[in-house]
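Encoded as structure tokens, the structure appears first; notes follow it.
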Amino acid sequence: MALTYAGDLSTDLDRVRFHINDTTTGGGPRPASGNFTDAELSAIIDDAGTWQRAVAALLDHLSVEWSQHADITVGPRSQSFSQVADAYAKRAEKWRKDNRIYPGVHVVGVIRKDGYSNDVASDDVDTDGEYAHVTIRTWEYPL
């Protein structure tokens, strides 16, 4: 289980580790202080498309991991794992809001060919060619 963290936030992997507080081996955010491997984080960053979306997905994932643990009370001592799960869910929601991440929609690009395009004369509008419409591709990250 490899954990790489330089601490200078120069890579997407470092940025993700910093924002999910997974920077020290054996002191990670997962139950039992577990860490994510570099391979896991790299795959999630690739799937998400940006490191910011990866952070949101990982915070959601941590909420799910922690929600699978029951709250425990033994004598005067208690541990509320559901509160940890709720905290991660709230952090994911706040992260998406702060970073303007809208689940399910990701505008990839717009190709325009009309009177305002650089490659068409202002009086020549292409209405049936290959670029006669606006192309918007959406991407949905499974949560």
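Convert by adding 7 to the 1-based position in the sequence shown; the result is the number in my numbering.
Just so you know, even glycine gets a beta-carbon here, dropped at the ideal spot from N, CA and C.
| Whole-angstrom C-beta distance between residue 48 and residue 20, which should lie under 8 Å | For the purposes of this step, residue 20 is identified with residue 13 of the sequence shown, where counting begins at 1. For the purposes of this step, residue 48 is identified with residue 41 of the sequence shown, where counting begins at 1. Confirmed, Cβ separation roughly 6 Å.
| Cβ atoms of residue 38 and residue 29: under 9 Å apart, would you say? | For this step, residue 29 is matched to residue 22 along the sequence shown. For this step, residue 38 is matched to residue 31 along the sequence shown. Contact: no.
| Just how far apart, CA to CA, sit residue 55 and residue 44? | As a working note, residue 55 is residue 48 in the sequence shown. As a working note, residue 44 is residue 37 in the sequence shown. If you take the alpha carbons of residue 55 and residue 44, they lie about 17 Å apart.
| request: Give the secondary structure of residue 85 by DSSP, where H, G and I count as helix, E and B as strand, and everything else as coil. | output: If you number the sequence shown from 1, residue 85 lands on position 78. Three-state DSSP puts residue 85 in a strand.
| message | Going by DSSP, what residue range makes up the alpha helix (DSSP H) through residue 52? | response | As a position in the sequence shown, residue 52 is number 45, starting the count at 1. 45-55 is the span of the alpha helix (DSSP H), which, as asked, contains residue 52.
| query | Using the C-alpha atoms, what's the distance from residue 82 back to residue 62? | reply | Residue mapping note: residue 62 aligns to position 55 of the sequence shown, counting from 1. Residue mapping note: residue 82 aligns to position 75 of the sequence shown, counting from 1. Going from the Cα of residue 62 to the Cα of residue 82 covers about 37 Å.
| Cβ shell of residue 41 (< 7 Å), same chain only, five flanking positions each side left out | Indexing the sequence shown from 1 puts residue 41 at position 34. Beyond the five residues adjoining it in sequence on each side, residue 41 comes within less than 7 Å, by CB distance, of 35 in the same chain, given in chain order.
| DSSP state of residue 27 mapped onto helix, strand, coil | Counted from its first residue, the sequence shown places residue 27 at position 20. In the structure shown, residue 27 sits in a helix (DSSP, three-state: H, G or I).
| task | Please work out which residues of its chain come closer than 7 Å, Cβ to Cβ, to residue 5, disregarding the five sequence neighbours upstream and downstream, and give them in chain order. | result | The structure shown has nothing for residue 5, since the chain only spans 8 to 150.
| field | Where the alpha helix (DSSP H) through residue 61 begins and ends | value | Indexing the sequence shown from 1 puts residue 61 at position 54. Looking at the DSSP string, the run of the alpha helix (DSSP H) that includes residue 61 is 58-74.
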